[in-house]
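Residues -17 to -1, 1 to 167 in mature numbering (1 follows the signal peptide of the UniProt record, and there is no 0) are what the sequence shown lists, from first letter to last.
Think of the CB as a built atom: it goes at the ideal place given N, C-alpha and C, for glycine as much as any other residue.
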Amino acid sequence: MTVYTRYIINSMVVALAATMLFSCKNNFNEVQQIGVLQNAPIGEADTIHLKHTDSSKLIADLKSPKMFDYSNRPFGYSEFPKGIELTIFDKEGNPSKIFADYAISYLNTDLIDLRGNVLLATYTKDSLFTTQMYYDQKNEWVFTNEDYRLKKGYTDISGRGFDSSRNFKTYEMHEPSGPIEFNN
């Protein structure tokens, strides 16, 4: 190989390396934004009032000041970061109300994860208070593994872990604790 050929090859390598060095730009902010856009909700709603009916009969009534829709995810969900007020009606039209400071409704499983000051109140004035509760919409079943307080009729019961139908007709207390009070 001649000196001239070597000179041309070396010049091309240097030119290529210089071009590559100067063509790079700092796009770290753009790379960060890719993840943000993929994690963003597909929809956002303020002050929602959603009514669910079946055969022109009101089944559920949901109110919330804020909702984020993540149904674009593989395991879709709706998030209610400022809490919910959910009224569920039984076959006779009797309401049960659920209040929570925060909620996530999972679309594939029909499960609602309620957190914060959670209260379930039935039309018979029975109430369950807890910090976290799950509501299975399909089976109309509520459960928690957290501490709870149940006020049913004249009784006031506390404990940890509770499973129940949403109207407390069938329920199981896992670890009742403290005295059971009967109010007159």
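Compute the distance between the beta-carbons of threonine 114 and arginine 98, then report whether it is under 8 Å.
Within the sequence shown, the letter at position 131 stands for residue 114. Within the sequence shown, the letter at position 115 stands for residue 98. Yes, they are a contact pair.
Among Gly76, Thr127, Ser47, which has the Cα closest to the Cα of aspartate 96?
Against the sequence shown, residue 96 aligns to sequence position 113. The candidate whose alpha carbon is nearest that of aspartate 96 is Thr127.
Does leucine 45 pass the burial test, meaning 16 or more other C-beta atoms within 10 Å, or should it be called exposed?
Numbered from its first residue, the sequence shown carries residue 45 at position 62. Per the 10 Å Cβ criterion, buried.
Is it true that the CB of methionine 50 sits closer than 8 Å to the CB of phenylalanine 58?
Here residue 58 corresponds to residue number 75 of the sequence shown, with the count starting at 1. Here residue 50 corresponds to residue number 67 of the sequence shown, with the count starting at 1. Not a contact, by the Cβ cut-off of 8 Å.
Considering only residues of the same chain and omitting the five flanking positions on each side of tyrosine 106, which have a CB-CB separation below 7 Å?
Here residue 106 is taken as the residue at index 123 of the sequence shown, counted from 1. The residues are Asn77, Pro78, Ser79.
In the DSSP assignment, find the unbroken beta strand (DSSP E) run with arginine 56 in it and report its ends.
Translated into the one-based positions of the sequence shown, residue 56 becomes position 73. Per DSSP, arginine 56 belongs to no beta strand (DSSP E) and is neither H nor E.
Take the Cβ of aspartate 93 as the centre, count every other Cβ of all protein chains shown within 10 Å, and call the residue buried at 16 or more, exposed below.
Counted from its first residue, the sequence shown places residue 93 at position 110. Exposed is the call here.
Report, in whole angstroms, the separation of the C-beta atoms of serine 141 and serine 110, which I expect to be a contact under 8 Å.
On the sequence shown, position 158 is the one that residue 141 refers to. On the sequence shown, position 127 is the one that residue 110 refers to. Actually they do not touch by this definition, with Cβ atoms about 13 Å apart.
Would asparagine 150 and aspartate 73 be called neighbours here (beta carbons separated by less than 8 Å)?
Against the sequence shown, residue 150 aligns to sequence position 167. Against the sequence shown, residue 73 aligns to sequence position 90. Cβ atoms of asparagine 150 and aspartate 73: closer than 8 Å.
Restricting to Cα atoms, I'd like to know which of Gly136, Tyr137, Lys135, Asp130 is closest to histidine 157.
The count along the sequence shown starts at 1 and reaches residue 157 at position 174. Measuring from the Cα of histidine 157, the nearest candidate turns out to be Asp130.
Which of the three DSSP states is assigned to tyrosine 137 in this structure?
Working through the sequence shown from its first residue, we reach residue 137 at position 154. Coil.
When you compare only the Cα positions, how much space is there between tyrosine 60 and tyrosine 89?
Counted from its first residue, the sequence shown places residue 60 at position 77. Counted from its first residue, the sequence shown places residue 89 at position 106. Their Cα atoms are separated by approximately 4 Å.
With the cut-off set at 8 Å, would you say glycine 66 and serine 47 are in Cβ contact?
Here residue 66 corresponds to residue number 83 of the sequence shown, with the count starting at 1. Here residue 47 corresponds to residue number 64 of the sequence shown, with the count starting at 1. Cβ distance < 8 Å, so glycine 66 and serine 47 count as in contact.
Is the distance from the Cβ of tyrosine 154 to the Cβ of phenylalanine 145 below 8 Å?
Counting from 1 along the sequence shown, the entry for residue 154 is found at position 171. Counting from 1 along the sequence shown, the entry for residue 145 is found at position 162. Cβ distance < 8 Å, so tyrosine 154 and phenylalanine 145 count as in contact.
Classify leucine 110 as helix, strand or coil using the three-state DSSP reduction.
As a first step, residue 110 must be located in the sequence shown, where it is residue number 127. Here residue 110 is serine; the residue named in the question, leucine, does not match the sequence. Looking at serine 110 - three-state DSSP - the assignment turns out to be strand.
Can you give me the start and stop residues for the beta strand (DSSP E) that arginine 98 sits inside?
Numbered from 1 along the sequence shown, position 115 holds the residue referred to as residue 98. Taken as a continuous stretch (DSSP letters only), the beta strand (DSSP E) holding arginine 98 covers 94 to 104.
What runs of the beta strand (DSSP E), each 3 residues or longer, lie entirely inside the region 22 to 63?
DSSP runs (the beta strand (DSSP E)) wholly in the region 22 to 63: 26 to 37, 40 to 52, 60 to 63.
Compare the beta carbon distance of tyrosine 118 and isoleucine 81 with 8 Å and say whether it is the shorter of the two.
On the sequence shown, position 135 is the one that residue 118 refers to. On the sequence shown, position 98 is the one that residue 81 refers to. A contact, by the Cβ cut-off of 8 Å.
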